[in-house]
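The next block holds one structure in the form of structure tokens; read it before the comments.
4 protein chains.
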Amino acid sequence: MSRESVTRLALIGCGRIAQVAHLPALEKADGVDLVAVCDPSEDVVHAVARRYGVPSAHTDQAEVFQDPSVDAVIVAAPDRFHRSIAAEALTAGKHVLVEKPLATTVQEAQDLADLVHRTGLVLQVGAMKRHDQGLQYARRFVAERLGGPRSFTAWYRIGDLRPGIEATLFPHVHADPAARETEAAFKADRRRYLLATHGSHIFDTVRFLLGDVASVVVRHREDGRDQTWQVLLTTASGAVGTVGITVDVPGLPSEGIEVFGAHGSVRVDTHFPFYRRASTVHAYVDGATTVPELTDGDAYERQVEAFARAIREGGAPDPDVDDGVQAVRLIDATATAVETGVEVAL
Amino acid sequence: MSRESVTRLALIGCGRIAQVAHLPALEKADGVDLVAVCDPSEDVVHAVARRYGVPSAHTDQAEVFQDPSVDAVIVAAPDRFHRSIAAEALTAGKHVLVEKPLATTVQEAQDLADLVHRTGLVLQVGAMKRHDQGLQYARRFVAERLGGPRSFTAWYRIGDLRPGIEATLFPHVHADPAARETEAAFKADRRRYLLATHGSHIFDTVRFLLGDVASVVVRHREDGRDQTWQVLLTTASGAVGTVGITVDVPGLPSEGIEVFGAHGSVRVDTHFPFYRRASTVHAYVDGATTVPELTDGDAYERQVEAFARAIREGGAPDPDVDDGVQAVRLIDATATAVETGVEVAL
Amino acid sequence: MSRESVTRLALIGCGRIAQVAHLPALEKADGVDLVAVCDPSEDVVHAVARRYGVPSAHTDQAEVFQDPSVDAVIVAAPDRFHRSIAAEALTAGKHVLVEKPLATTVQEAQDLADLVHRTGLVLQVGAMKRHDQGLQYARRFVAERLGGPRSFTAWYRIGDLRPGIEATLFPHVHADPAARETEAAFKADRRRYLLATHGSHIFDTVRFLLGDVASVVVRHREDGRDQTWQVLLTTASGAVGTVGITVDVPGLPSEGIEVFGAHGSVRVDTHFPFYRRASTVHAYVDGATTVPELTDGDAYERQVEAFARAIREGGAPDPDVDDGVQAVRLIDATATAVETGVEVAL
Amino acid sequence: MSRESVTRLALIGCGRIAQVAHLPALEKADGVDLVAVCDPSEDVVHAVARRYGVPSAHTDQAEVFQDPSVDAVIVAAPDRFHRSIAAEALTAGKHVLVEKPLATTVQEAQDLADLVHRTGLVLQVGAMKRHDQGLQYARRFVAERLGGPRSFTAWYRIGDLRPGIEATLFPHVHADPAARETEAAFKADRRRYLLATHGSHIFDTVRFLLGDVASVVVRHREDGRDQTWQVLLTTASGAVGTVGITVDVPGLPSEGIEVFGAHGSVRVDTHFPFYRRASTVHAYVDGATTVPELTDGDAYERQVEAFARAIREGGAPDPDVDDGVQAVRLIDATATAVETGVEVAL
């Protein structure tokens, strides 16, 4: 790839998700060059820059936005900063890959969408599962072979064995203890935090395969720290389905979706992302189930490569800012439906 | 087993389910003796009696009820006759094993329950999955190891490959063409028929593992002959869950339930009953999943043996008439919830 | 099907395998008509004739062979009679479907093959797994997609949970206690009996997918009643593989084969035959695994239909008498290889 | 852990396996401190030291051996240097964790074992699968629940989809092009190289679960670059089994073993190591299969922690040098058995 065709990226926010997901992906991704990192913690940002050989390290993001050599930024700061940092970057003329959720309210998400449309810059939301090779296979299968989708069932269950898996899979993380404490406080409203964090994944998967959601009815249950949402959905196209979000269940985590159509059906089992395995897909049509054996399993690497391609080639990013708005709307509608007990239209 | 301890049974209705399920089970079951068969079709009843060596064959059920040597009857007539035949049998002093659904309306089911309670006779409902060795394992696991159930997901999907499986597994069935035509007409209201026939199984499974259901919200979809119900349920104990009933999906049939509790979880995959395999169970607790390897898989045989034991030993049948009433209530509430779109309390 | 195109069959030997496998299959198979049954036990033969509505019952097989209305016979007598009954039937001008193994010695099997070739009649060996829809799929896949087979692993393990499965799946069997005792004595040389009974299945599967076997090396182990053979094979085409035969292992039975070729691989898991499920096949080529969802699972029914077609249409039966000879040769070579410890060529 | 109780390690050889496996493991392992790295390539050794923050980098291993602050070394140099570097390290008084295979000939391996016994130092062989949580579970199950092992089947199949998986899972590797070319030349005798590299894993697994091997018979097949070994083994305890080693098969890699004993059986499916998942175990006994849900899946991290414990606590390393000798013997016997065609005793 010629030097000109490489997208020069800066990473804003070097906490856990940056070190665990984005930095290893950036180091290997084609078509990108990580030229700057930024984090409020001086210790963290320098440790990261040293480890990944990044030439420029900052504690003030304004410096990054002023740097004309930076084409685009990845926003991996805490959720409540997503919108403001993304807006600042766009205003400075930078393309943006922003971690999900796009914003914490529908209004803020919509404002950001307006800004994207005004600037004409690329904004991609970090719902990286759209770049999971298995989910992409399933999406094509739904479009081309399944017949019209009629019903579906999706689940997203965090298992209480997850900490052991993370301890095994995660690299050593350089953390700023003060920052960690501050963030824990912001996650204290677990019901809201968990729905936004996990719901944005599984709702985006539903939309990726089935299109827009028209309405939800929700039942919720709280057991100490544990939360369960059972959601009954109708899509704009008329498919009826359910989504279960549970944090935690005993045992291993489990995530997936089954879609049934006029001619076929597809089941997607999505693995814990840091196994770096594409989702396992079982696609049934015409008397046989096909299981693609997929090996390109780092969704974060594929995500940033797709982002760079969208910038270079001018195509639409996936998911785009409007998808990000819809994901926030769905989270919001789910929370409202828990409070009211009745169906909420989107 | 001594002669006295054997329950003398008559079979009322010798159509498909009788020939496919009950007669092979009765031939092998311990503690029962099939002494009479009855069917309106003379051809059918004699073919069946000859094949299974049954000493007495009738076309008029009144003769059976008058026979003092008959201890109990199995009612395997079409759904709309369940209640009346069962009532007639009870009135004649016979214990009854009646195919599900118990009745076609809640009122009729309740009337039958009243009659059972008045007579003190045993009435067991033919929801034979309660006698599936795997579901029984799961029920014990839920009670003893799972901790309080919090959430669940159940599914009952008839696959369009089912006819081929039935053609392979079913013995040759002696049928009366006229009766077959009559019955097809009664099944013409597919939405109602399918919900009653299939819903009574999966709703009974939910109640078997999780207890009474307090309310349902339902979304329904119809595509030509195909039907889908997506049900959001809250149990009396506060568990939240979903049940999906789909007739047909492309491919193989699929039936099961997953329950998540405070300490463990259990998944039950129920096989097409005529494979005569106990449900496959995965029971998780304390860092390990247990899969019992169960071999006694004919739920119909186990059902009639349990019925005979209940008669001899005086214990409660399972499911009893009140379970049968609840199953009809759930079907009724589901149908109402489809019409109204809002939550229906039971 | 016109009357002329139906093959009129007689069943010689009405013991367990006849009642459990052949009679239910014959009752449903297309293109065949069971016109006579024969068994030395008068009780058994009449019970069977009554149950299956067979017009003619005999205790002397000579009567069957003299009956000009009988086109063909199924030989389901004990192993040691296979050859002589088959020879008698051929001599009387009847086509023959004879249970495996074809004979107890290579010489007798060869003599029978000579007789078949002289008479021009159809003789099919009852290695019914060749009519398993899954194995047939695998065979086509090996021929058309796999590339040349290079290596393989096959296993045939009887599990000690098998009696419970049989008790569930088998219909009530009418047995003659004296005959049962006599036969038990003939099975007393377990090593020989088990190798012939089970080995003939798995060796025929190997030949069905991979062609002739050129040599074997074997290690054998005996633990009380339990037997293990571990066989290292080279095929005539140069593929190298292993076959493990174990009777019993703890747990469920397990049977299957994996074949690896130049372009693809295939795994076949063969279910206990009385589940009446086609083998589960995983066929890998070009980045995807295909799992055909097969529903026509009664290999005994498919076997007798194929036999009738071979008679009517004049094609080669499968397996034919030469396949039967090869199966006996393989069993014989395996037994010799156990004794000598060195490679035995076929 | 107190400073004194931490083992100070040096890593000799910083090529692919070091960067992919050892360095990430060392960064996270408890009880160890990586104080020096050494590699003939100055570029590579400095890149590695920078990335992992190692205080001391060398191109001459003699410097490492002279450093009194180094307690122990990990030898991750190419196979043909294992023995000489290990011997040099032991002579310098360092404990050694040496990548498998221990040596390229039985004599050299034995000489090294003699040296270990003379020095009293700890030498552990890098057959890291002994530290796979799943295999460790299986070993305990075999010892405590299975009853005496009677038969087994093991397989080790490299799939042609492996390069894609490696590209996804491996971090960016700093390589010296000249070194890579040199090493490729040493791997040119693929038959020998592949048997040593892969065989040492699966043979060690057999010994880990079943004890010493008494004899082997082998059939080998070569197809261009592809190699297959089918091995028939008898263990010292009398178990009979097979091991299939195939490089490449079409599709995904696959590795595992099944062991059948008097009372139970166990199946181990070992995942590609860089998924960092413990082997999946199915352990059957007494009517139920247990599947432990294991989360501590980095066998390289567990290996070096066990090595450090063996040094600190004085226990035997696992595998020890004698296990390493036996692994080389088995590889050697397998190669001889291919040449001679007859059984080779160990």
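Protein chains in written order, with the working numbering: chain C, 1 to 346; chain S, 1 to 346; chain R, 1 to 346; chain U, 1 to 346.
Even glycine gets a Cβ: it sits at the ideal position worked out from N, Cα and C.
Residue i to residue j, Cα distance in whole Å?
i	j	result
M1 (chain S)	D33 (chain S)	Note on M1 (chain S): pLDDT 48, under 50, position unreliable in the model; no value is reported.
G314 (chain U)	L11 (chain U)	22 Å
A29 (chain C)	G297 (chain C)	13 Å
R312 (chain C)	T7 (chain C)	8 Å
Y137 (chain R)	P273 (chain R)	17 Å
L26 (chain S)	D71 (chain S)	15 Å
L115 (chain R)	F203 (chain R)	24 Å
G211 (chain C)	G251 (chain R)	47 Å
A316 (chain R)	G264 (chain R)	29 Å
Q326 (chain S)	R207 (chain S)	9 Å
E99 (chain U)	A127 (chain U)	7 Å
F81 (chain C)	A178 (chain C)	17 Å
I158 (chain S)	I74 (chain C)	47 Å
Assign residue i to one of two classes, buried (16 or more other C-beta atoms within 10 Å of its C-beta) or exposed (fewer than that).
i	result
A236 (chain C)	exposed
F260 (chain S)	buried
V342 (chain U)	exposed
Q66 (chain R)	exposed
P24 (chain C)	buried
E301 (chain U)	buried
A347 (chain U)	This structure cannot speak to residue 347 (chain U), because chain U is shown only from 1 to 346.
E88 (chain S)	buried
K187 (chain C)	exposed
H271 (chain C)	buried
Looking at C-alpha atoms only, which residue of the options is the closest neighbour of residue i?
i	options	result
V249 (chain R)	U:G147, U:I331 and U:I158	U:G147
A278 (chain C)	C:P101, C:G256 and C:A262	C:G256
L233 (chain U)	U:L23, U:T334, U:P55 and U:E99	U:T334
D322 (chain U)	U:A18, U:L102 and U:I158	U:L102
D132 (chain R)	R:A109, R:A262, R:E293 and R:Q107	R:E293
V44 (chain U)	U:L90, U:S151, U:A143 and U:D176	U:D176
G120 (chain R)	R:E99, R:T105 and R:K94	R:K94
Y284 (chain C)	R:T104, R:R51 and R:V291	R:V291
R225 (chain S)	C:A262, C:R51, C:T242 and C:D320	C:A262
S56 (chain C)	C:R50, C:A36 and C:A47	C:A36
P78 (chain S)	S:T91, S:V20, S:S69 and S:G15	S:G15
L330 (chain S)	S:P163, S:T182 and S:W229	S:W229
A337 (chain C)	C:Y275, C:V231 and C:E305	C:V231
Taking 7 Å as the line, does the beta carbon of residue i fall inside it for any heavy atom of the ligand MG?
i	result
V96 (chain R)	Because no ligand of any kind appears in the structure shown, any question about the ligand MG cannot be addressed here.
### Task
Residues of the segment 21-45 of chain R with a CB closer than 8 Å to any CB of chain U: list them in chain order, please.
none
#### Entry: Segments of 4+ residues assigned as alpha helix (DSSP H) that fall wholly inside the segment 208-286 of chain S
none
### Query
the segment 185-207 of chain S: which residues have C-beta closer than 9 Å to a C-beta of chain R, in chain order?
none
### Residues of the segment 252-263 of chain S whose Cβ lies closer than 9 Å to any Cβ of chain U, in chain order
none
### Query
Unbroken beta strand (DSSP E) runs of length 3 or more, entirely within the segment 17-91 of chain R: which are they?
32-38, 56-58 and 72-75
### Query
Of all the residues that make up the segment 305-320 of chain R, which are near chain U by a beta-carbon distance shorter than 7 Å?
none
### Query
Closer than 9 Å, Cβ to any Cβ of chain U: which residues of the segment 284-296 of chain R, in chain order?
Y284, V285, D286, G287 and T289
### Query
In chain order, which beta strand (DSSP E) runs of at least 3 residues are fully inside the segment 135-177 of chain U?
149-159
### Task
Run through the segment 90-117 of chain U for me and flag every whole beta strand (DSSP E) of 3 or more residues, listed as ranges in chain order.
95-98
### Query
Taking Cβ-Cβ distances below 9 Å as the criterion, which residues of the segment 127-151 of chain S are in contact with chain R?
none
### Message
Beta carbons nearer than 8 Å to chain R: which residues of the segment 264-282 of chain S have them?
### Response
Y275, R276 and R277
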